[in-house]
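Visitor: Okay, here's the structure, questions in a sec.
Residue numbers (the working numbering): 258 to 392.
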């Protein structure tokens, strides 16, 4: 042996940037999309990690609320109706997807979830008037 090399330790298995960041969303793919999209001439190494973390958080939040809506309807699968109910009933997500906030409403005001339906709502004027009980 000449003393050069790694001494037979073998090849080290490469770890993805998603695994390093502890995320499920693909950091490398998001970075590639950011580069190919020409959003900026330069991009830092932390930008795709941060964006992947934000997207993963939003998806986890929506899926948790949609799972609760599915459980309330005694279903085991999440369908678009459950996502609609989850988003419309949650204050923060409703603001994000077209609530009362003006800037985000301009950006995402026309968001429609396919086959999601609408919230059950009957205006108070249309309800029958309650009459006084006879004595």
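Every residue gets a Cβ at the ideal spot worked out from N, C-alpha and C, and that includes glycine.
Can you tell which of 388, 313, 334 has the C-alpha that lies nearest to the C-alpha of residue 278?
Guide: Indexing the chain shown from 1 puts residue 278 at position 21. Ranking the options by Cα distance to residue 278, first place goes to 313.
Visitor: Buried or exposed: where does residue 379 fall if 16 or more other Cβ atoms within 10 Å of its Cβ makes it buried?
Guide: Taking the first residue of the chain shown as position 1, residue 379 is located at position 122. Its Cβ having fewer than 16 others within 10 Å, residue 379 is exposed.
Visitor: From what residue to what residue does the alpha helix (DSSP H) around residue 293 run?
Guide: Indexing the chain shown from 1 puts residue 293 at position 36. Counting along the chain, the alpha helix (DSSP H) containing residue 293 begins and ends at 284 to 293.
Visitor: Would you report the Cα separation of residue 280 and residue 377, rounded to the nearest angstrom?
Guide: Start at 1 with the first residue of the chain shown, and residue 280 comes out as number 23. Start at 1 with the first residue of the chain shown, and residue 377 comes out as number 120. Each residue's Cα considered, the two are about 37 Å apart.
Visitor: So, is residue 271 buried or exposed, given that buried needs 16 or more other C-beta atoms within 10 angstroms?
Guide: Position 14 of the chain shown, counted from the start, is the residue given in the question as residue 271. Residue 271 should be labelled exposed.
Visitor: With DSSP collapsed to three states, give me the class of residue 388.
Guide: To locate residue 388, count along the chain shown from 1; it is residue 131. Residue state, collapsed to three classes: coil.
Visitor: Between 320, 282, 326, which has its C-alpha nearest residue 309's C-alpha?
Guide: If you number the chain shown from 1, residue 309 lands on position 52. If we check each option's Cα against that of residue 309, 282 comes out closest.
Visitor: Verify whether the separation of the beta carbon atoms of residue 284 and residue 305 is less than 9 Å.
Guide: By 1-based counting over the chain shown, the position of residue 284 is 27. By 1-based counting over the chain shown, the position of residue 305 is 48. Taking 9 Å as the Cβ cut-off, residue 284 and residue 305 qualify as a contacting pair.
Visitor: Which whole runs of the alpha helix (DSSP H) in the stretch 289 to 334 are 4 residues long or more, in chain order?
Guide: 304 to 329
Visitor: Where does residue 348 fall in DSSP's three states?
Guide: Taking the chain shown and counting its residues from 1, the one referred to as residue 348 is at position 91. It is helical.
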